[in-house]
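*Asks:* Chains as they are written, first to last, in my numbering: chain U, 317 to 786; chain E, 4 to 48; chain P, 620 to 856. For each residue, glycine too, the CB sits at the ideal point set by N, CA and C. As the structure is a prediction and not an experimental result, all values here were calculated from the model. This is the structure I have questions about; it appears just below.
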């Protein structure tokens with residue numbers, strides 16, 4: 317990689333749909349440079365943006381980025397290798413935001429993911445400059461399209477503009493939906509970012525935006541044609557750079573997921589309600605019989621069925637990530653471990669244990685109190701293994717949601733394999749009911765049985781996260 | 004004759020399933036061929 | 620191509636005739652089994668279709684696996700065609716296994732399903748995978764992204780086979796003797812063997828014939844789509 321370059325794309329070939337969109341495409345982005353990507357609709361500008369961000373696979377060629385320690389890293393190549401991007405800013409053509417996020421949260425997330433330390437006063441000043449402070453606590457879904465676009469653009473340039481070391485900002489049609497004042501502000505920031513040594517790549521149709529560029533690359537017939545840019549536009553003063561706090565994409569993702577769920581607990585409710593209905597149905601139907609008379613297996617299955625139902629329910633994270641390319645934004649920022657991260661963070665970790673206990677309390681009323689105490693002491697063990705099952709189920713749902721029309725297929729067909737971990741856990745609970753807990757590594761003991769259930773879930777999870785991204 | 008009903012119903016279900024599937028596939032092939040062949044012939048000419 | 624299509628159609632029809640003839644032989648010519656050794660002696664006649672369905676579904680799943688691996692590793696167009704064919708045939712023949720198996724099981728052994736039976740459960744899982752793939756192939760726009768995802772799902776499904784084998788073995792070790800599934804070829808009468816062979820040959824003919832038919836349909840649809848893509852590019856005139 318040439319010294320002085322922040323990004324180098326070498327001879328990439330990308331296929332989209334049934335056609336080859338880019339062929340032998342190469343570009344380099346130097347420090348302090350603004351490049352405009354232009355071309356007809358469908359020419360491949362967005363595809364090139366996504367290839368540079370490492371989101372899509374390459375048929376040939378590779379994409380390299382310069383790191384903050386001046387070494388370079390191949391973030392994507394045609395052998396299927398993928399590595400995380402250094403801190404950067406990204407604005408996708410669709411906004412890349414979930415409707416549940418608040419405005420201030422969005423900016424905070426963009427800065428955290430890129431490792432910039434911030435507090436509320438810094439965020440408020442930023443939002444003020446961009447005319448969004450009055451909406452800082454509003455949800456993205458409640459903003460007009462113009463304000464949403466403004467926020468999305470700010471999320472893509474703030475992580476770069478507020479950084480001291482040179483970084484790259486990638487913007488796909490940033491001016492679309494912006495009013496004149498916002499566009500002028502954007503132009504001023506972009507020229508100022510270039511002055512500070514940052515690199516900016518903008519895919520655009522907008523003639524005014526093209527004028528800001530130092531170089532113009534036209535995407536035409538799957539290749540790139542270069543022409544000089546005008547480098548025009550006023551330079552505004554950027555806010556003071558922020559201190560570096562270390563890139564924390566996973567922690568930011570976790571915080572984001574928890575915030576979304578606290579604000580709108582659709583995942584918790586969506587999992588808990590069918591589970592509770594199952595408990596009540598089981599109680600209503602077997603209430604008049606003593607389940608223990610029919611063997612502990614029946615009771616164990618009835619008790620664990622509700623947490624199982626909560627574990628395999630479709631996770632809210634897959635719906636949130638599919639909103640406005642939100643998942644693609646996170647995918648670019650989190651990198652190759654995004655899929656395992658989504659599946660763990662998005663699964664049901666708080667419901668299985670309380671649900672198992674609630675299930676036992678409701679359904680096992682006629683069980684001998686000694687047995688009940690023993691079960692209550694150890695019910696957490698199969699319930700914790702149910703969490704592993706939940707993670708495997710989430711990974712399968714996410715696998716199906718990769719398709720462009722996930723609503724047209726039934727992910728539950730892939731979940732059938734999770735019956736076996738459930739059967740093993742039922743077996744384990746049945747053993748605890750019959751003989752009490754045995755802390756031995758006996759093959760037919762509850763401990764080993766629970767281990768096997770978790771092992772099967774883990775194998776399913778590994779397969780579901782490994783194949784799609786290789 | 005224990006199990007005769009099971010055998011008969013199995014064969015009935017499977018016969019219908021495979022028969023209908025093959026019928027649909029062959030008619031689909033015939034339809035597509037009759038639509039596409041004339042266009043292909045014109046292009047070749 | 621025309622000749623091959625005709626061969627495919629004829630093989631399919633011939634195979635279907637052979638399969639129906641096998642069924643008739645199975646009812647009216649095949650010998651009865653010892654009623655003391657079987658709970659539902661007449662139900663054994665299901666075997667004449669159950670075994671061929673199992674064999675052909677195994678072949679279909681092999682095609683699906685090879686196709687998935689082929690696309691996954693080298694984005695081979697042939698691999699994609701194998702996925703298309705393998706998933707449809709896997710669904711058809713796999714469904715045959717998981718319909719006939721439980722019906723037979725419920726009358727002969729009193730239980731329609733055995734979670735410890737490796738074969739039955741593996742077939743069920745792969746049939747579910749085939750249903751998923753067929754639904755996806757019909758609903759999703761064709762393209763590299765879709766193909767990559769479906770090939771990955773296809774491979775994932777096959778990794779589930781050894782996982783299922785482990786899981787069912789563990790279950791069977793704890794629940795032995797719930798269902799005993801006899802091997803189909805233990806001590807077979809020559810007449811039974813003959814009818815089974817006829818059935819297997821007939822189903823193989825159906826399998827090969829349908830492979831050609833489904834592939835031909837897929838090819839024609841692809842060519843039509845290519846034409847449509849060219850017309851898309853012309854735009855408004």
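When you compare the CB positions of residue 724 (chain P) and residue 791 (chain P), do they come within less than 8 Å of one another, or not?
*Replies:* Their beta carbons are not under 8 Å apart, which means residue 724 (chain P) does not touch residue 791 (chain P) by this criterion.
*Asks:* Please check the pair residue 432 (chain U) and residue 505 (chain U), which I expect to be a contact at CB under 8 Å, by giving their CB distance rounded to whole angstroms.
*Replies:* 16 Å between Cβ atoms; not a contact.
*Asks:* Compute the distance between the beta-carbons of residue 699 (chain U) and residue 623 (chain U), then report whether it is under 8 Å.
*Replies:* Yes. Within cutoff.
*Asks:* I'd like to know if residue 700 (chain P) contacts chain E, where contact means its C-beta is closer than 8 Å to some C-beta of that chain.
*Replies:* Not one chain E Cβ lies under 8 Å of residue 700 (chain P).
*Asks:* Assign residue 478 (chain U) to one of three DSSP states: helix, strand, or coil.
*Replies:* Note: residue 478 (chain U) maps to coil in three-state DSSP.
*Asks:* Compare the C-beta of residue 367 (chain U) with all C-beta atoms of chain P and state if any pair is closer than 8 Å.
*Replies:* So no, residue 367 (chain U) is outside the interface.
*Asks:* Going straight from the alpha carbon of residue 672 (chain P) to that of residue 715 (chain P), what length do you get?
*Replies:* For residue 672 (chain P) and residue 715 (chain P), the distance between alpha carbons rounds to 6 Å.
*Asks:* What residues are listed by DSSP as bridge partners for residue 541 (chain U)?
*Replies:* DSSP output for residue 541 (chain U) lists U:534 as bridge partner(s).
*Asks:* Rounding to the nearest angstrom, what Cα-Cα distance links residue 28 (chain E) and residue 728 (chain U) in this structure?
*Replies:* In a straight line, the C-alpha of residue 28 (chain E) is about 27 Å away from that of residue 728 (chain U).
*Asks:* Comparing the C-beta of residue 1 (chain E) with each C-beta of chain P, is any distance below 8 Å?
*Replies:* Given that chain E is displayed from residue 4 to residue 48, the structure contains no residue 1 (chain E) and the question cannot be resolved.
*Asks:* Report the rounded CA-to-CA distance for residue 800 (chain P) versus residue 739 (chain P), giving the unit in angstroms.
*Replies:* Bear in mind that a pLDDT of 45 at residue 800 (chain P), under 50, signals an unreliable position, so the number given afterwards is only what the model happens to contain. Whole-angstrom Cα-Cα distance: 10 Å.
*Asks:* Determine, using beta carbons only, whether residue 17 (chain E) comes closer than 8 Å to chain P.
*Replies:* So yes, residue 17 (chain E) belongs to the interface.
*Asks:* Kindly provide the ranges of any alpha helix (DSSP H) runs that are 4 or more residues long and lie completely inside the region 658-736 of chain P, ordered along the chain.
*Replies:* Entirely contained in the region 658-736 of chain P, the alpha helix (DSSP H) runs reaching 4 residues are, in chain order, 666-693 and 696-727.
*Asks:* Which of helix, strand or coil does DSSP assign to residue 36 (chain E)?
*Replies:* DSSP places residue 36 (chain E) in helix when its eight states are reduced to three.
*Asks:* What residue range is occupied by the uninterrupted beta strand (DSSP E) comprising residue 390 (chain U)?
*Replies:* Start and end: 388-393.
*Asks:* Measuring only the C-alpha atoms, how far is residue 592 (chain U) from residue 358 (chain U)?
*Replies:* So the alpha carbons of these two residues sit roughly 49 Å apart.
*Asks:* Among P:661, P:753, P:831 and P:707, whose alpha-carbon lies nearest the alpha-carbon of residue 722 (chain P)?
*Replies:* Among P:661, P:753, P:831 and P:707, the Cα nearest to that of residue 722 (chain P) belongs to P:661.
*Asks:* Using beta carbons (cut-off 8 Å, strictly below), is residue 27 (chain E) in contact with chain P?
*Replies:* For residue 27 (chain E), the answer is no, since every Cβ of chain P falls outside 8 Å of its Cβ.
*Asks:* Which residue from U:392, U:426, U:393 and U:329 puts its Cα closest to that of residue 571 (chain U)?
*Replies:* Of U:392, U:426, U:393 and U:329, the residue nearest in Cα terms is U:426.
*Asks:* Between the region 705-739 of chain P and chain E, which residues of the former have a C-beta closer than 8 Å to a C-beta of the latter?
*Replies:* Answer set for the region 705-739 of chain P: 711, 714, 715, 718, 719, 722, 723, 725, 726 and 727.
*Asks:* What three-state label does DSSP hand residue 801 (chain P) in the structure shown?
*Replies:* Its pLDDT being 49, under 50, residue 801 (chain P) is placed unreliably in this model, and the coordinates cannot settle the point.
*Asks:* Report the CB separation of residue 552 (chain U) from residue 508 (chain U) in whole angstroms; it is logged as a contact under 8 Å.
*Replies:* Right, the Cβ-Cβ distance comes to about 5 Å (below 8 Å), so this counts as a contact.
*Asks:* Out of P:654, P:659, P:665 and P:625, which has the shortest C-alpha to C-alpha gap to residue 643 (chain P)?
*Replies:* With distances taken between Cα atoms, residue 643 (chain P) lies closest to P:665.
*Asks:* From which residue to which residue does the alpha helix (DSSP H) around residue 440 (chain U) run?
*Replies:* That run of the alpha helix (DSSP H) goes 436-445.
*Asks:* Drop a sphere of 10 angstroms on the beta-carbon of residue 808 (chain P), count the other beta-carbons inside from all chains shown, and report buried for 16 or more, exposed for fewer.
*Replies:* Label assigned to residue 808 (chain P): exposed.
*Asks:* Nearest to residue 710 (chain U) by CA position, among U:536, U:524 and U:632, is which residue?
*Replies:* Answer by Cα proximity: U:632.
*Asks:* Could you give the C-beta distance for residue 718 (chain U) and residue 784 (chain U), rounded to a whole number, given that I count them as a contact under 8 Å?
*Replies:* Right, the Cβ-Cβ distance comes to about 6 Å (below 8 Å), so this counts as a contact.
*Asks:* For chain P, is any of its Cβ atoms less than 8 Å away from the one on residue 30 (chain E)?
*Replies:* Taking Cβ atoms only, chain P never reaches closer than 8 Å to residue 30 (chain E), which makes this a no.
*Asks:* Find the nearest neighbour of residue 680 (chain P) within the set P:694, P:669, P:670 and P:703, judged by alpha-carbon distance.
*Replies:* If we check each option's Cα against that of residue 680 (chain P), P:703 comes out closest.
*Asks:* Do residue 416 (chain U) and residue 455 (chain U) come within 8 Å of each other at the CB atom, strictly closer than that value?
*Replies:* In this structure, residue 416 (chain U) lies closer than 8 Å to residue 455 (chain U) by Cβ.
*Asks:* Under three-state DSSP, which class holds residue 484 (chain U)?
*Replies:* Strand.
*Asks:* Can you find the residues in the same chain that come closer than 6 Å, C-beta to C-beta, to residue 372 (chain U), ignoring five residues on each side of it along the sequence?
*Replies:* So the qualifying residues of the chain are 366.
*Asks:* With a CB to CB cut of under 8 Å and the five nearest residues on each side skipped, what residues in its chain are close to residue 500 (chain U)?
*Replies:* Once the five neighbours on either side are set aside, the close Cβ partners of residue 500 (chain U) are 550.
*Asks:* Of all the options U:628, U:642, U:750 and U:525, which has the alpha carbon lying nearest to the alpha carbon of residue 687 (chain U)?
*Replies:* Nearest option by C-alpha distance: U:750.
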